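Those letters in the sequence shown? Residues 29 to 1300, by my numbering. Cβ atoms here follow ideal geometry from the backbone N, Cα and C, with glycine treated the same way. Quantities reported herein were computed from a predicted structural model and do not represent experimental measurements. All remarks here apply to the structure that follows.
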Amino acid sequence: MGVLPGRGILCTLFLIILLSEGHFRWVEAQHCVWYGECGESEKVPGKKYNCNYTGPPRPLPPEGYELLTELCPGYDYGNRSLCCDVDQLHTLKGSLQLPLQFLSRCPACFFNLMNLFCELTCSPHQSEFMNATKFNDTNVVEVKYYIGQTFSNAMYNACKDVQAPSSNVKALSLLCGKEAKDCNATNWIQYLFDINNGQTPFPIIPIFSDVPVSGYTPMNNKTYSCTEGLEDGSGPCSCQDCTQTCGPKPVPPPLPPPWTIIGMDAMTVIMWISYMAFLLIFIGGVLGAWCYRKRTIMSEYGPILDSNNPLSLNSDNPDQVNASCCETLGERFENSLRTIFSSWGSFCVRHPSVVICGSLILVVASSGGLVYMRITTDPVELWSSPTSQARQEKDYFDSHFGPFFRTVQLIITTPLNDTFIYSPYIGGSDVPFGPILDKDILHLVLDLQLDIENLVATYEGQNVTLKDICLAPLAPYNNNCTIFSVLNYFQNSHAVLDHSIGDDFFVYADYHSHFLYCVSAPASLNDTTLLHDPCLGTFGGPVFPWLALGGYDGTNYNNATALVVTFPLNNYLNDTVRLGKALAWEKEFIKFMKNFEHPNLTVAFSAERSIEDELDRESNSDISTIVFSYTIMFIYISLALGHIHSFRRVLVDSKISLGIAGILIVLSSVSSSLGIFSYFGVPLTLIVIEVIPFLVLAVGVDNIFIIVQTYQRDERMPQEELHQQIGRILGDVAPSMFLSSFSETVAFFLGALSNMPAVRTFSLFAGLAVFIDFLLQISCFVSLLGLDARRQEGNRLDIICCVKLPEAQETKTDSFLFRFFKKVYAPFILKEWVRPIIVAVFVAMLSFSIAVVNKVEIGLDQTLSMPDDSYVLDYFKNLTEYFQSGPPVYFVVEDGVNYSSPEGQNVVCGGVGCNNNSLVQQVYTASLISNYTTIGFTPSSWLDDYFDWVKPQSTCCRYYNTTGAFCNASVVDPSCVHCRAMTPSGKQRPMGDDFMRFLPMFLSDNPNPKCGKGGHAAYATAVDLYPGNTGVGATYFMTYHTTLKDSPDFIDALKMARNLAENITQSMDHKVFAYSIFYVFYEQYLTIAYDTALNLSVSLASIFVVTTVLLGFELWSAVLVSITIAMILVNMFGVMWLWSISLNAVSLVNLVMSCGISVEFCSHIVRAFSISMKKNRVERAEEALAHMGCSVFSGITLTKFGGILILAFSKSQIFQVFYFRMYLAIVLLGAAHGLIFLPVLLSYVGPSANKAKVFAANSRYAGTERERLLNY
């Protein structure tokens, strides 16, 4: 019992102690931790420590009321007793300027943030959740701040989606010390209170808990979700800044499944079934016809009594024929042509000097226009029509915002493979760094970068440096050039790159830590490491890591395998002097880089002028290839035209001089065409220069061979003079030449309706060249043929006309090629068992080509446009392999939106109160499904940044109350006052006159540590102000495409951006268009399939009409010609798929040309068939093939074959792919269809003989030597 009283006393004492401790903590809760500011901070210059004070809260002096209302309206009541004075409120406001500018877009987010700092700085209950742990005299130098976990999570959740429009990133990337995706509630608040952030004067250690810790109750004030409005009337945050208000994330539509039948490609299955069905029907028909003929006993008088045979004796009246109206009309038209051409041919032979001189005068006069010749090498002029949508949009953009800057770029890799590990001093996982980020390598790259900056070029006697032409967005306040380079994180300085903090044992911070910070916060003016170096480039703007690094995975920029250094240069629309300076500097840059070598650096480079320079060089280097190719063809033509009867007469029977003359006529027609259009100011393109001579040579030489070989096979009739003979021959063959040439001319001129400049220009020049060539051939060449015939008849030597051989009797023989075609080739392919095989093979080729026509790729691989040895090829390769940023894309709002009105603002902006389908919001939504839309980032929005900049809470918008001029935030001057009052109306967006009053100030304000929202760097060119700053005209909102690698990617990006712009246009009810630098080049591919189909269809239709008329209204003949040409064109697509030739303007030009050349292969054969007087289709086809086939074969096929093979050795890849491969395919397919398939087709379904023509021919040749020749 004696112990119990003692135990009771102990318990009582313990209870008293507990109660007294609780009393003391409660009493302490009514007191402050600090009050007022004392000594200067030792760690952060310019900042002060708070004074140690444990007394009760003190009433705030009246001069602080307005500031309290602005910062901490929750304390604006009663006598306003607080633990802070006016100086502390001013310090708080200054420290929160950057968070204010970036987070006030979302009212709930900023309210919660201010709550955190107001409780810390001024709360009358400080001692409940704060513990001052270190002191220095009267200064508090460290505190612990107990914060509720619920509060910190709610604050983070309200702020995590807020955007920073000018930087295309989330605001937390700039305010958390790391990328937004790596930021969370805990590390964000730790960063805000970290002494290394440049704002906190002493350590504030946050401790997170929802339950009391060590006797302290964590601060857990009420928070607002970003979906909630505030009590002051502020609305919920916008969808862009708060994904919870957006609803579900948009889901891209599924890709359409491939068209299949039983798991196989549908077109392949359909064409296979169609082909098998055709074979069954065709073979059945052939076998049925063969059996029928075998079983039918033909009368030996059948052919004589067959009244269907035009030569039958069993006709009603030998003096007339039962011809239809069309046949009679056709015969009269044909006879008119024959008469005209015969008379003209006779005249040309009788008056050669008049004709030749007249031709020369016309050619010289036409070719005189070449002095005005202008060659277009500008890719925009080549591939984009001035009336096209992309071109008009480019012109609009250039005229309102200036042309897109010129780009000089390096992509730097290293052959070294040593990956190294960085271990942060403060803890955390090890970070691997790629060899390209080794400090020694970075020093080498910086040396190279500085050497480039110091390059000096000369233009018209003046020195040109990079500073003269570079993009300097903050000029004239900051004249540093924009350089997107990792070295700009280190201010392009070797000293900053070497900057490190450490002692003899540890390195606390160096370039590794600075790099890791800067890639997460590229716009930061002060990193959070002990270095405190800025990340912002020397030019005043951020260097986004995706623009300066390459070959990394995800956002692990430390794994980069390449550095990308970009020098944007100013571009000039109508200033040739300044543009000339830029070109001169670029030339010097290219020269310098070609000579640069270092064993540890591999550099691929390109300048804006590089592609055009290399195209020019390619054209010059290919001149030798083209000349050699034409030389081969010229030699062949000169030798092949002659028909040598004996060795003794080689130099007499050869036609070298006539061949050369024929070639000169072809070239004259080309020069005349170029000259005539040059008179009218039509510029040439490289395609015209490279393709048209080839085309006209194909057409022209074919006609030359037809004229000459027909003359060589002809026998002069009794009492017929030379001029009459050549006139008669011209009357026979000129209609065929006229048919082919006029068909091609009309087809080409109709092709000029294309809106693609390259195709249109080619079609114009080609159409005129072909027609001039025809005119010269039936005039000048016929006169020359007459002169050559007289020379040959006089036994004079070719070329050396003055030398004459003695007379000798020579037997005239047919050429070997003619005999081969007549005796061997034509009879063989028209054999009864061969013809079905030929039809089956060609229909199989057609079926295959139809099956793959939709699989031909669209686009042009830009590497093909460069020579094999071009330095640009390495650049393209590295660009595709390493570069991981797409090109910028601008959404341009055309003039007419009233930005001073809430309605005009709401349809565009992306902040609080803006429409959910506003421009910024729609682009933001598209960026959420970037794999589908190709929009990679949130757009930069000058309007939203302007609203943040002009807020009265911000120190950004100020002016001198004496002059009204703008006062930058960094200026300390009592005469600088806020633009807008701290009133409810002043906190609203600027409207009416206020909007335009302050906008020019915003656009001229440079970002600085006190105001990161200045619009000069980001938006100086984005807003086109009216003269006198009376209003806003056109504006743009910029973002980036995702990484685009090849033509399909670029085409898809263009299509998606246009779809998005169209949606925005509809929702705004105002024109908005998307613009990027590459759109003008890739727009053609959106419609190239349609353009190709239209061009080729129009050409085919024109060929059909012309052929119908010029064949004497023989409709069925024209149908067969058109079918054969269509088969050639479809088979060309099959070859393109097999040979990996994409569809683009170059291949379209070749397809249009193949349409023209195909006429040559087909029309002569069909016309010869139509005028043949043999008794059945097989014999008529055989005769047509024998007489015209050898001329077509020797005139086109052999001529072109030699020349084409030379193109395979060209240095130019575009020559190898689009000219060698396509030309070879054109010639082989044309020859195969014209000389193999078409005769067989005619033998089956050729038109019946025109009775009127046959009767007229019989009447014309009856009783003459010609009748014997015809029978032969």
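Classified as buried, Asp-561 has 16 or more neighbouring CB atoms from the shown chains inside 10 Å of its CB. When only Cα atoms are considered, Ser-1003 and Cys-985 end up about 13 Å apart.
Within a 10 Å sphere around the beta-carbon of Pro-264 sit 16 or more other beta-carbons, which makes this residue buried. Rounded to the nearest whole angstrom, the CA to CA distance from Lys-850 to Ala-1214 is 5 Å. The residues Met-1155, Val-1158, Asn-1159, in chain order, have a CB closer than 8 Å to that of Leu-874 in the same chain once the five nearest residues on each side in sequence are set aside.
The closest CA to that of Asn-107, considering only Asn-1036, Leu-96, Val-724, is found on Leu-96. A residue is called buried when at least 16 other Cβ atoms come within 10 angstroms of its Cβ; Tyr-1054 does not meet this threshold and is exposed. Here Leu-597 is near Thr-435, since their CB atoms are less than 9 Å apart.
The DSSP assignment places 494 to 497, 522 to 526, 539 to 548 as complete runs of the alpha helix (DSSP H) inside the segment 485 to 565, in order along the chain (cut-off: 4 residues). With 16 or more other Cβ atoms from the protein chains shown falling within 10 Å of its own Cβ, Gly-703 counts as buried.
Boundaries of the beta strand (DSSP E) harbouring Met-158: 158 to 164, taken from the DSSP string. One alpha carbon belongs to Pro-1267, the other to Val-1206, and they sit about 8 Å apart. Straight-line measurement puts the Cα of Ile-878 at about 16 Å from the Cα of Thr-288. Bounds of any alpha helix (DSSP H) do not take in Met-1019, whose DSSP letter is neither H nor E. Annotated as distal: Thr-1093 and Thr-962, with beta-carbon spacing of 9 Å or more. Arg-378: not part of any beta strand (DSSP E); member of the alpha helix (DSSP H) spanning 353 to 378, first to last residue. For Ser-266, there is no enclosing beta strand (DSSP E), as DSSP marks it with neither H nor E. Taken through DSSP and simplified to helix, strand or coil, Glu-1188 comes out as helix. Burial check for Ile-639: the Cβ neighbour count within 10 Å reaches 16 or more, so the residue is buried. Note that the segment 212 to 232 touches the segment 547 to 557; at least 3 beta-carbon pairs, one per stretch, sit closer than 8 Å. Boundaries cannot be given for Pro-746, as no alpha helix (DSSP H) includes it and DSSP labels it neither H nor E. Taking 9 Å as the cut-off, the beta carbon of Tyr-303 is found closer than this to the beta carbon of Val-871. A straight line joining the alpha-carbon of Asp-896 with that of Ala-576 spans about 28 Å. Pairing Val-535 with Asn-586 gives a Cβ-Cβ distance that is not under 9 Å. In this model, Ser-791 and Gly-779 are separated by some 6 Å (Cα to Cα).
Separation of Tyr-63 and Asn-212 (C-alpha to C-alpha, rounded to the nearest whole angstrom) is 31 Å.
One Cα belongs to Thr-214, the other to Pro-234, and the distance between them is close to 9 Å. Secondary structure remark: continuous beta strand (DSSP E) runs of at least 3 residues inside the segment 90 to 177, in chain order: 158 to 164, 167 to 175.
Note: Arg-986 is bridge-paired with His-1006 in the DSSP secondary-structure output.
For Thr-296, the closest alpha carbon among the candidates Gly-1162, Asp-730, Phe-1197 is that of Gly-1162. A Cβ-Cβ contact shorter than 9 Å links Ala-590 with Ile-464. Within the model, the alpha-carbon separation for Ala-854 versus Glu-1210 is close to 5 Å.
Residue range 467 to 481 is occupied by the alpha helix (DSSP H) that includes Lys-467. Ser-69 places its beta carbon 9 Å or farther from that of Cys-111.
Taking the C-beta atoms as reference points, Leu-470 is found no nearer than 9 Å to Lys-1228. Where Asp-923 is concerned, there is no enclosing beta strand (DSSP E), because DSSP gives it neither an H nor an E.
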